[in-house]
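Below: one structure, written as structure tokens.
Residue numbers (full-length UniProt numbering), protein chains in the order written: chain Y, 1 to 561; chain E, 1 to 288.
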């Protein structure tokens with residue numbers, strides 16, 4: 001590494017002061033050179049974001065940083081010096097949806113900072129902004145300048161954010177989980193863009209992420225943080241091949257690898273537990289006088305069978321309709337057309353009391369562990385609820401069953417009297433699982449059950465689900481955007497896009513020989529946690545994919561081609 | 001990842017009371033309200049004179065001396081009148097808010113839970129009521145029912161319904177769209193269970209805060225009606241009515257107007273501060 005841009009020594013961040021001080025970051029040291037990509041990895045609460053906020057002078061009130069961060073001959077942590085935000089260090093946030101001001105045009109936001117910093121006059125700024133938009137891969141940049149953020153997709157907005165930062169010609173870019181909120185194919189494009197920018201402009205990039213796949217793909221140097229401390233630092237190859245610290249190893253082990261083989265699945269020839277036939281659902285937006293301005297086909301003529309005892313994964317990006325399909329099956333959303341039969345019962349025509357009884361057979365696990373439990377209901381009461389509604393068990397028997405369930409999901413029976421806010425995200429998800437299996441359902445619909453969790457917790461929850469599956473013969477519809485997770489748990493995969501199923505077959509068959517271009521693009525875009533397999537060029541995601549009716553390409557392997 | 005989630009939050013002091021007693025606003029508000037309740041409960045004992053007895057001392061005696069807060073135009077003891085008036089004030093606040101709160105919550109929860117045409121009918125009629133000022137609704141109610149304190153209270157209560165219905169509706173709408181609510185639906189819970197076990201406990205904290213703040217509005221509104229002669233009738237010691245009666249003597253005996261006015265102001269302040277304290281102690285986001 002030639003010239004050191006940023007030299008951080010003994011950086012500590014503390015919340016509060018005096019005897020009530022809580023250390024958030026303990027003496028972190030690192031150097032960043034031009035053209036270097038340094039990745040700070042850690043789970044939530046590891047202090048990785050705090051470190052970057054300290055450098056930017058963006059710490060919340062009551063939080064103080066000490067130590068030294070030499071940048072352009074000054075200490076960034078010196079409170080008397082204005083932090084070189086923008087022109088010195090550019091920051092890219094996780095949420096492109098909220099990082100741009102919704103009421104100003106893209107052009108205004110792009111040129112404003114340049115003019116404020118005196119880098120250009122208004123006319124010059126506009127020309128440079130258009131040029132930069134083109135550079136970050138935004139089509140029709142001239143036209144985009146007059147648009148508002150809501151007219152752009154998430155990926156586009158993240159590109160605009162990057163353009164905005166790069167226009168100020170910073171020496172360092174800090175990207176805090178820049179792709180976490182994006183779909184996997186879009187994530188791949190943004191990562192490619194960031195890498196190109198580092199190569200072309202020689203900025204130093206600090207990439208903060210929790211995703212080992214992203215690290216492997218992007219970084220040259222890695223710093224692993226846990227509970228405010230750096231547990232390990234080194235080159236990416238060193239970290240991945242010979243992790244020195246137990247935590248790093250645990251973190252790497254927890255990553256659901258796309259390489260490991262999944263549970264061996266045996267195709268069952270038995271009767272389908274759940275049959276979906278020609279199911280359709282459209283949402284209409286901007287309705288005025290009964291005429292819809294726009295119609296979204298969330299689910300478009302979907303037919304699927306779920307066999308008893310299998311885990312069927314529904315994979316797709318946001319807006320693919322996978323969650324809507326799950327919600328229709330759980331009777332939380334009404335379908336427009338088609339029918340669904342569960343073990344011979346027509347599910348969609350039920351209403352009132354018969355429906356409530358039938359609900360016992362299908363239970364849901366939701367994505368957000370913080371919102372899926374009633375904050376004013378004890379955990380025990382939450383788990384007991386389906387039992388109370390659906391069975392005639394006495395109060396004592398219910399309590400016994402709740403205790404069993406709590407132990408079954410890896411919690412202790414004495415936790416029944418506690419309330420959700422006393423639990424961590426992973427523990428709450430365990431409670432949700434206990435609630436879902438409480439009344440003995442025949443089918444569990446798990447809608448992104450691990451997406452909101454840290455990787456190590458995610459691994460534990462996936463283990464729990466697969467235990468339940470093998471021991472209790474649970475049938476599960478597993479909805480996810482994460483192919484690596486899906487590969488680990490699913491017997492069969494259905495790939496969904498724009499409301500349609502594009503490919504459907506046994507996990508290994510779909511994985512090993514994907515036949516639909518969209519499936520190929522998805523698999524290709526997923527970051528692989530192996531630094532030696534860095535891809536040079538990536539097939540760019542197409543906008544249109546064939547969406548014809550499914551044909552059987554191989555036994556049990558259906559493709560829309 | 002938000003800024004807050006990165007800071008390990010100190011575990012909140014257990015229990016709602018400790019949180020309330022930690023907020024300065026809450027403590028001051030609670031003290032004022034408790035003091036008011038004390039005055040109302042022991043008005044008979046505390047009041048040195050019969051509030052309605054005329055000519056206890058001279059007329060228009062200034063505060064101080066035998067009559068701590070002076071006497072009014074009929075020679076009635078002001079302190080006794082204020083103390084007795086606190087009973088009516090509290091009762092007016094409680095009953096009026098009770099009417100608005102229960103009806104408003106019912107309307108709001110039903111609309112948010114059943115949606116569809118029920119929602120349309122309930123919320124649109126609420127909107128219609130909303131488009132009139134509360135005072136106008138209260139006035140027209142009193143006009144129909146006839147002027148009396150009881151009718152004034154009913155009128156103020158009814159006039160407040162749209163506000164409570166709206167607030168409860170939006171709070172309930174948020175809760176019904178949360179996964180825990182759907183999980184309960186998916187478990188087969190019926191409407192009664194959904195509304196009483198899940199919806200009510202989760203909208204109640206919001207509504208308690210709104211109601212505390214609403215007590216002061218109701219007291220002001222009732223005092224306003226009495227001021228216009230449409231509420232409390234003589235010789236009732238009601239603060240708003242006392243205020244109205246003192247109008248003619250503003251130059252001669254300014255304390256007749258100042259004292260009930262101050263009493264109303266302090267009471268309203270007390271309930272507002274208490275409401276603010278409750279908001280911080282019941283709201284999980286504000287907990288530190």
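Heads up, the beta-carbon is just placed ideally off N, CA and C, and yes, glycines get one too.
Give me the Cα-Cα distance between residue 65 of chain E and residue 77 of chain E, rounded to the nearest whole angstrom. Counted from its first residue, the second chain places residue 65 of chain E at position 65. Counted from its first residue, the second chain places residue 77 of chain E at position 77. Going from the Cα of residue 65 of chain E to the Cα of residue 77 of chain E covers about 12 Å.
So, for residue 195 of chain E: in the same chain, excluding its five sequence neighbours on each side, which residues have a beta-carbon less than 7 Å away from its beta-carbon? Here the question's residue 195 of chain E lines up with position 195 in the second chain. Taken in chain order, the residues that qualify are 109 and 113.
Just the Cα atoms here: how many angstroms apart are residue 35 of chain Y and residue 6 of chain Y? Taking the first chain and counting its residues from 1, the one referred to as residue 35 of chain Y is at position 35. Taking the first chain and counting its residues from 1, the one referred to as residue 6 of chain Y is at position 6. C-alpha separation (whole angstroms): 12 Å.
Same chain only: Cβ atoms within 7 Å of residue 129 of chain Y, ignoring 5 sequence neighbours per side: Looking up residue 129 of chain Y in the first chain gives position 129. Taken in chain order, the residues that qualify are 107, 110, 111, 145 and 167.
Establish whether the CB of residue 195 of chain E and some CB of chain Y are separated by less than 9 Å. Within the second chain, numbered from 1, the residue matching residue 195 of chain E stands at position 195. Closer than 9 Å: no.
Determine the direct distance from the alpha carbon of residue 470 of chain Y to that of residue 506 of chain Y, and round the result to whole angstroms. Position 506 of the first chain, counted from the first residue, corresponds to residue 506 of chain Y. Position 470 of the first chain, counted from the first residue, corresponds to residue 470 of chain Y. Computed Cα separation, rounded: 18 Å.
Check whether residue 153 of chain E and residue 222 of chain E have beta carbons under 9 Å apart: The residue labelled residue 153 of chain E in the question sits at position 153 within the second chain. The residue labelled residue 222 of chain E in the question sits at position 222 within the second chain. A contact, by the Cβ cut-off of 9 Å.
Over the uninterrupted alpha helix (DSSP H) stretch that includes residue 390 of chain Y, give me the two end residues. Your numbering for residue 390 of chain Y matches position 390 in the first chain. It spans 379–390 - the alpha helix (DSSP H) in which residue 390 of chain Y sits, taken as one unbroken run.
Under 9 Å, Cβ to Cβ, is there at least one residue of chain E near residue 386 of chain Y? Within the first chain, residue 386 of chain Y is the residue found at index 386, counting from 1. Chain E, which has a Cβ nearer than 9 Å to the Cβ of residue 386 of chain Y, makes this yes.
Looking only at DSSP bridge pairs, what is residue 176 of chain Y linked to? Against the first chain, residue 176 of chain Y aligns to sequence position 176. Its beta-bridge partners are Y/208.
When Y/237, Y/485, Y/440 and Y/474 are compared against residue 459 of chain Y, the one with the closest alpha-carbon: Your numbering for residue 459 of chain Y matches position 459 in the first chain. Ranking the options by Cα distance to residue 459 of chain Y, first place goes to Y/485.
Select from Y/308, Y/303, Y/310 and Y/123 the residue whose C-alpha is nearest the C-alpha of residue 322 of chain Y. Position 322 of the first chain, counting from 1, holds the residue named residue 322 of chain Y. Cα-wise, what sits closest to residue 322 of chain Y is Y/303.
Under 9 Å, Cβ to Cβ, is there at least one residue of chain E near residue 343 of chain Y? On the first chain, residue 343 of chain Y is found 343 positions in, with the first residue counted as 1. Judged by the 9 Å Cβ criterion, residue 343 of chain Y is not in contact with chain E.
Give me the residue from E/71, E/243, E/238 and E/31 with the minimum Cα distance to residue 90 of chain E. The residue you call residue 90 of chain E lines up with position 90 of the second chain. Of the listed residues, the one whose Cα sits closest to residue 90 of chain E is E/238.
Any beta carbon of chain Y sitting closer than 9 Å to that of residue 16 of chain E? Taking the first residue of the second chain as position 1, residue 16 of chain E is located at position 16. No, because no Cβ of chain Y sits closer than 9 Å to the Cβ of residue 16 of chain E.
Determine the DSSP secondary structure at residue 503 of chain Y, reduced to helix, strand or coil. As a first step, residue 503 of chain Y is located in the first chain; it is residue number 503 there, counting from the start. Strand, per DSSP.
Should residue 83 of chain E go down as buried or exposed, given a rule of 16 or more other Cβ atoms within 10 Å for buried? Position 83 of the second chain holds residue 83 of chain E. Residue 83 of chain E comes out buried.
Should the stretch 162–181 of chain Y be regarded as contacting the stretch 192–211 of chain Y, the criterion being three or more beta carbon pairs within less than 8 Å? yes
So which residues on chain E does residue 433 of chain Y lean against when the C-beta distance must stay under 9 Å? Indexing the first chain from 1 puts residue 433 of chain Y at position 433. Per Cβ cutoff of 9 Å: no residues; residue 433 of chain Y is ~11 Å from chain E at best.
Who are the neighbours of residue 368 of chain Y on chain E, taking C-beta pairs under 8 Å? Residue 368 of chain Y sits at position 368 when you count from the first residue of the first chain. Under the 8 Å cutoff, chain E gives 179.
Since residue 433 of chain Y and residue 464 of chain Y are thought to touch, with beta carbons under 8 Å apart, how far apart are those beta carbons, to the nearest angstrom? Position 433 of the first chain, counted from the start, is the residue given in the question as residue 433 of chain Y. Position 464 of the first chain, counted from the start, is the residue given in the question as residue 464 of chain Y. Contact holds; Cβ gap of about 7 Å.
Distance between residue 96 of chain E and residue 231 of chain E (C-alpha atoms, nearest Å): Numbered from 1 along the second chain, position 231 holds the residue referred to as residue 231 of chain E. Numbered from 1 along the second chain, position 96 holds the residue referred to as residue 96 of chain E. Taking the straight line from one Cα to the other gives about 13 Å.
If we ignore side chains and look at the alpha-carbon of each, how far apart do residue 173 of chain E and residue 364 of chain Y end up? Stepping through the second chain from its first residue, residue 173 of chain E is reached at position 173. Stepping through the first chain from its first residue, residue 364 of chain Y is reached at position 364. Roughly 21 Å separates the two Cα atoms.
Residue burial classification, residue 42 of chain E (beta-carbon count within 10 angstroms, cutoff 16): To locate residue 42 of chain E, count along the second chain from 1; it is residue 42. Result: exposed.
Under 6 Å Cβ to Cβ from residue 553 of chain Y, same chain only, skipping five residues before and after it: list those, please. Here residue 553 of chain Y corresponds to residue number 553 of the first chain, with the count starting at 1. Contacts found: 515 and 559.
Burial state of residue 357 of chain Y (16 or more Cβ within 10 Å): Locating residue 357 of chain Y in the first chain gives position 357, where the first residue counts as 1. Classification of residue 357 of chain Y: exposed, given that the 10 Å Cβ count is below 16.
Rounded to whole angstroms, what's the CA-CA distance from residue 261 of chain Y to residue 169 of chain Y? Just pull it up for me. Residue numbering aside, residue 261 of chain Y sits at position 261 when the first chain is read from its first letter. Residue numbering aside, residue 169 of chain Y sits at position 169 when the first chain is read from its first letter. Any reading at residue 261 of chain Y must be qualified, since the residue scores a pLDDT of 48, below 50, and its modelled position is unreliable; the value itself is stated next. Computed Cα separation, rounded: 46 Å.
Tell me the residue span of the beta strand (DSSP E) that contains residue 237 of chain Y. If you number the first chain from 1, residue 237 of chain Y lands on position 237. Counting along the chain, residue 237 of chain Y falls outside any beta strand (DSSP E), though it belongs to the alpha helix (DSSP H) covering 236–241.
Please report the distance separating the alpha-carbon of residue 282 of chain E from that of residue 408 of chain Y. Translated into the one-based positions of the second chain, residue 282 of chain E becomes position 282. Translated into the one-based positions of the first chain, residue 408 of chain Y becomes position 408. Taking the straight line from one Cα to the other gives about 34 Å.
Apply the 10 Å Cβ neighbour rule to residue 118 of chain Y and answer buried if 16 or more other Cβ atoms are within range, or exposed otherwise. Sequence index remark: in the first chain, residue 118 of chain Y carries index 118 (1-based). By the neighbour-count rule (16 or more Cβ atoms within 10 Å), residue 118 of chain Y is not buried but exposed.
Range of the contiguous beta strand (DSSP E) that encloses residue 568 of chain Y: Because chain Y here runs from 1 to 561, residue 568 of chain Y falls outside it and cannot be looked at.
Mind checking which residues open and close the beta strand (DSSP E) that includes residue 92 of chain Y? Locating residue 92 of chain Y in the first chain gives position 92, counting from the first residue. Residue 92 of chain Y -> beta strand (DSSP E) spans 89–92.
For a contact meaning CB atoms closer than 9 Å, what does residue 522 of chain Y contact in chain E? Position 522 of the first chain, counted from the start, is the residue given in the question as residue 522 of chain Y. Neighbours of residue 522 of chain Y on chain E: none; closest Cβ ~26 Å, over 9 Å.
Does residue 75 of chain Y come out as helix, strand or coil in the three-state DSSP assignment? As a working note, residue 75 of chain Y is residue 75 in the first chain. In the structure shown, residue 75 of chain Y sits in a strand (DSSP, three-state: E or B).
For residue 140 of chain E, the first and last residue of its enclosing alpha helix (DSSP H): Counting from one through the second chain, the residue named residue 140 of chain E turns up at place 140. Start and end: 134–145.
Measure the C-alpha to C-alpha separation of residue 139 of chain Y and residue 133 of chain Y and round it to an integer number of angstroms. Position 139 of the first chain, counted from the first residue, corresponds to residue 139 of chain Y. Position 133 of the first chain, counted from the first residue, corresponds to residue 133 of chain Y. Looking at the two C-alpha atoms, the distance is approximately 8 Å.
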